[in-house]
Amino acid sequence: MIELNELTDAAQKAFPASALSPSRDESWGLVAEMGWLMVRLPEDDGGLGLTREASTAIHFEMGRILATTPLIPAQLGLQAVLASEMLAARAGWLERIAGGDYVPLHLLPTKLEAAADGAISGTVGGVFDADMAAAAVVRLPSGYALVPIDAPGVSFVERPIWDPSRRMFDLVLDGYAPDPALMLCDAARAGPLHDALAPEAHLALAADCLGAANAALELTIEYLGMRRQFDRPLAMFQALKHRAADMKTRIAAAEALLWGRARDKDATLVQCGAAKTLAAEAFAFVTEEAIQLHGGIGLTQEHPIHRFMKRAMLNLQLCGSSVLWNERVGREALAKLD
Amino acid sequence: MTHTPDLEALRREVRDFLRAEAPANWRDASRTQDDFVATQRQWFTKLVKAGFAIPHWPARFPGGGRGLAEQKVIYEELAKADCPRLLLSFVSTYHAFATLNECASAEQQAEYLPRILEGETWCQGFSEPGAGSDLAAIKTRATREMRDGREVYVVSGQKVWSTMAQFAQKCLLLVRTSSDGPKQAGITYLLMDMDAPGVSVRPIHQIQGDEEFAEIFLDNVEIPVTRRVGEEGKGWAVAQTTLASERGLTLMELSYRMRGALARVATLIREHGHDEDRGVLRDFGELATQVDAVCAIADQFLDNRINGIERMGDASIVKNSYSRALRAYAKLGLRLGGMAEQYVAPITFGDLNTGNWMADFMNSYAWTIAGGSEEVQRNIIAERMLEMPREPKGWVI
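The listed protein sequences correspond, in order, to chains A and B. If you count the first sequence from 1, position 237 lands on 237 in UniProt numbering, and the numbers rise without skipping. If you count the second sequence from 1, position 163 lands on 163 in UniProt numbering, and the numbers rise without skipping.
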């Protein structure tokens with residue numbers, strides 16, 4: 001627990017709440033310097049060897065400041081490389097990643113086709129900050145592989161998104177010939193690897209949601225306390241207090257579930273998907289309310305509250321929407337309670 | 001050296017006891033109020049004998065002296081085994097106990113506490129028709145007089161929403177002894193015999209057919225001054241002890257029970273052939289996650305209490321999380337149950353998740369209204385946790 005508090009304190013010192021969405025490249029340098037790229041890398045591989053709780057605490061703090069630096073795809077990329085039994089130069093790649101090379105996992109589906117000679121064409125969705133990546137972890141038809149960004153037949157195109165705190169790219173493959181030495185696993189192992197990484201992705205996103213939701217609520221309460229109408233602060237009106245209390249309650253329940261699942265090594269994919277769905281829905285609810293409670297200023301770019309809402313709406317979609325996950329949770333609960 | 005309880009050993013002990021003694025078919029045996037009361041009394045007696053009824057009492061009582069972590073284990077196992085909750089004795093073992101233990105004289109403690117373990121039942125005479133959320137506004141009057149050579153309070157007024165007062169022998173009573181100064185200052189705390197002349201009780205007919213609460217009418221009831229807890233005019237502080245007597249165990253227990261009762265919704269889904277209805281599966285998945293989150297936050301709240309890091313407002317968040325989930329649970333069951341739930345079916349007394357969905361739906365308001373309404377909890381969260389300013393006082397028409 002002390003470890004977690006120390007991480008949180010360090011994070012809040014390095015990334016103060018007063019500076020939302022600090023510069024991506026400077027943040028990346030800082031994050032690398034603090035060892036956060038290696039948080040989940042075992043000590044034997046030269047990393048910090050910390051638990052899932054520790055990385056969850058970091059993603060929570062990164063959410064709080066609407067971090068622009070792509071720590072979640074980076075951690076998932078690292079974990080994919082770590083899990084690989086095929087990658088020839090695994091140790092070398094781990095070293096590069098720990099040293100600051102950005103190797104993200106893509107977070108949206110691919111549309112790829114392999115030609116008769118094995119050359120691959122199509123798009124890889126959801127590669128965050130591809131412009132600063134050394135390589136991406138991509139699910140190719142033949143299995144997961146590292147795809148160097150500067151390899152022949154590889155390019156990237158930015159897909160502008162509403163969320164101003166993140167940059168999303170498609171990786172475009174045009175007759176790319178996969179390097180057998182860069183394969184992480186074959187097609188048969190791709191499904192299991194995906195399912196091993198997915199719980200990590202869900203918990204990281206859930207933490208991002210709830211850190212940000214807390215910050216959005218704090219901003220809202222601050223605004224309600226400052227803005228005066230009818231000779232009193234808005235925060236004094238019970239109708240508004242009750243809405244703030246509900247926002248807090250939704251966040252708190254989702255947080256309790258998140259930490260429970262982060263600590264539980266045996267938490268299943270569906271359980272982690274459920275925690276992410278609850279967190280993302282809480283975040284969406286909180287930011288939706290936050291804009292309304294800010295009134296007119298909430299609709300201007302002058303005030304940052306809209307940025308939280310935009311991140312919330314994106315987070316809802318990442319790793320599968322609530323529609324998908326609620327159904328999966330329901331299906332599993334039904335089977336279990338039979 | 002501090003004593004570290006062996007929680008797993010305790011867990012095994014409770015499980016072994018429950019395997020042998022947990023009442024089977026208690027729901028069938030709780031179809032009428034009288035049967036419910038009989039079932040409750042039997043189960044309480046068994047638990048007292050086994051040493052699991054009053055883990056929070058001091059060690060001088062058999063089965064007492066257990067810390068919160070041990071209490072949690074006991075309640076977890078009772079919930080998992082789906083035993084009847086101790087409803088009839090709840091006010092006695094928590095509210096009356098805490099009040100007597102922390103605020104009463106040694107004589108009063110010696111007189112009343114042992115009798116609770118023998119089955120003497122207490123009720124709470126706090127709320128009044130004009131004093132619900134605003135409890136300090138009570139109007140039940142008590143005047144101090146000499147009658148037949150002894151000094152008594154003569155009490156007249158009306159109490160309402162008193163849980164199972166019709167079965168109680170004793171009452172924790174808040175009365176007004178003065179109307180001067182702030183309304184909290186004129187309140188006095190008394191211990192009343194329910195069979196005293198001038199006391200009459202009328203059960204409240206609830207919308208689902210249960211009679212879990214009663215009104216108490218007081219007409220010149222004489223209560224000896226020796227039955228006062230604390231000083232005259234200092235009853236408000238004693239009442240806070242009563243109200244704070246149970247923090248978290250019940251909600252944890254109820255949350256676990258609701259998670260177990262998700263099986264009832266699953267049964268409905270199958271019975272009505274919704275197994276592949278994606279909309280229904282989504283609703284069910286959303287509810288299951290909500291219930292899991294309530295279990296997680298109730299658990300976390302208790303752990304925080306055990307570790308001494310509870311924050312102001314935490315209890316309100318747990319209560320609102322549970323009560324909203326309970327409402328959602330009953331609402332989904334009612335909708336999935338369809339027309340069948342509109343035909344009157346027998347209710348089960350003393351259970352929130354019975355599978356009689358119309359009754360469960362009506363019962364689910366119990367937690368958004370009783371014990372500090374959802375709205376009062378929101379005020380607490382907003383004002384004490386989020387530090388939003390209180391409304392100015394002194395509003396006059």
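Every residue, glycine too, gets a C-beta built ideally from N, C-alpha and C. This structure is a prediction, so every number in the text was calculated from the model and none was measured.
- Identification of residues in the segment 249-266 of chain B having a C-beta nearer than 7 Å to some C-beta of chain A yields Leu262, Ala263 and Ala266, given in sequence order.
- The segment 147-166 of chain B makes contact with the segment 208-215 of chain B, as at least three CB pairs between them are under 8 Å.
- Not flagged as an interface residue toward chain B: threonine 287 (chain A), since no C-beta distance is shorter than 8 Å.
- The three-state secondary structure of asparagine 220 (chain B), taken from DSSP, is strand.
- With fewer than 16 neighbouring CB atoms inside 10 Å of its own CB, glutamate 276 (chain B) falls in the exposed class.
- With a cutoff of 8 Å on beta-carbon distance, alanine 207 (chain A) and alanine 282 (chain A) are scored as not near each other.
- Within 10 angstroms of the beta-carbon of valine 48 (chain B) lie 16 or more other beta-carbons, which makes it buried.
- Annotated as proximal: leucine 172 (chain B) and glycine 125 (chain B), with beta-carbon spacing under 8 Å.
- Counting along the chain, the unbroken beta strand (DSSP E) around arginine 141 (chain B) starts and ends at 141-147.
- For glutamine 271 (chain A), the closest C-alpha among the options B:Phe349, B:Glu286 and B:Thr226 is that of B:Glu286.
- Contact of leucine 278 (chain A) with chain B is assigned, a C-beta pair being separated by under 8 Å.
- Under the three-state reduction of DSSP, leucine 66 (chain A) is assigned to coil, being neither helix nor strand.
- Take the alpha-carbon of leucine 108 (chain A) and the one of glycine 100 (chain A): they are about 23 Å apart.
- Listed along chain B are Leu386 and Met388, each with a C-beta nearer than 7 Å to that of isoleucine 221 (chain A).
- The beta carbon of proline 148 (chain A) lies closer than 6 Å to those of Ala135 in the same chain, with the five residues before and after it left out.
- For arginine 278 (chain B), a Cβ of chain A is located within less than 8 Å of the residue's own Cβ.
- Interface criterion not met: the Cβ of methionine 86 (chain A) is under 8 Å from no Cβ in chain B.
- Residue contact check for leucine 281 (chain B) against chain A: a CB pair falls below 8 Å.
- Membership of valine 175 (chain B) in any alpha helix (DSSP H) is not indicated; the residue belongs instead to the beta strand (DSSP E) covering 170-176.
- Shown here, valine 160 (chain B) sits in a strand according to DSSP, grouped into three states.
- Straight-line measurement puts the Cα of alanine 244 (chain B) at about 23 Å from the Cα of glycine 119 (chain B).
- Among the residues facing chain B, glycine 320 (chain A) is not included, as its CB has no counterpart in that chain under 8 Å away.
- Remark: C-beta atoms of isoleucine 223 (chain B) and leucine 190 (chain B) approach each other more closely than 8 Å.
- Distance from the CA atom of glutamine 109 (chain B) to the CA atom of threonine 249 (chain A), rounded to whole angstroms, is 39 Å.
- Neighbours of valine 323 (chain A) in chain B, taken as residues at a C-beta separation under 9 Å, are given in chain order as Arg278 and Arg282.
- Contact note: leucine 337 (chain A) reaches chain B through Leu262, Ala263 and Ala266, using a C-beta cutoff of 7 Å and chain order.
- In chain order, Ile317, Asn320, Ser321 and Ile381 make up the part of chain B whose C-beta sits under 7 Å from the C-beta of threonine 249 (chain A).
- Among the residues of chain A, those whose CB is under 7 Å from the CB of isoleucine 297 (chain B) are Ala252, Ala253 and Ala256, following chain order.
- Between methionine 192 (chain B) and valine 221 (chain B), the gap from beta carbon to beta carbon is short of 8 Å.
- Threonine 289 (chain B) belongs to the set of residues whose beta carbon lies under 8 Å from a beta carbon in chain A.
- At the C-beta level, glutamate 53 (chain A) and arginine 189 (chain A) stay beyond 8 Å of one another.
- At a cut-off of 8 Å between beta-carbon atoms, aspartate 292 (chain B) makes contact with chain A.
- For chain B, the residues of the segment 222-240 of chain A that bring a beta carbon within less than 9 Å of one of its beta carbons are Leu224, Gly225, Arg232, Pro233, Ala235, Met236, Phe237, Gln238 and Leu240, in chain order.
- For the set B:Ile380, B:Gln40, B:Glu21 and B:Met358, the Cα lying nearest the Cα of isoleucine 207 (chain B) is the one of B:Met358.
- The C-beta of serine 105 (chain B) has fewer than 16 other C-beta atoms within 10 Å across all chains shown, which makes the residue exposed.
- When rounded, the separation of the alpha-carbon atoms in tryptophan 43 (chain B) and arginine 278 (chain B) is 42 Å.
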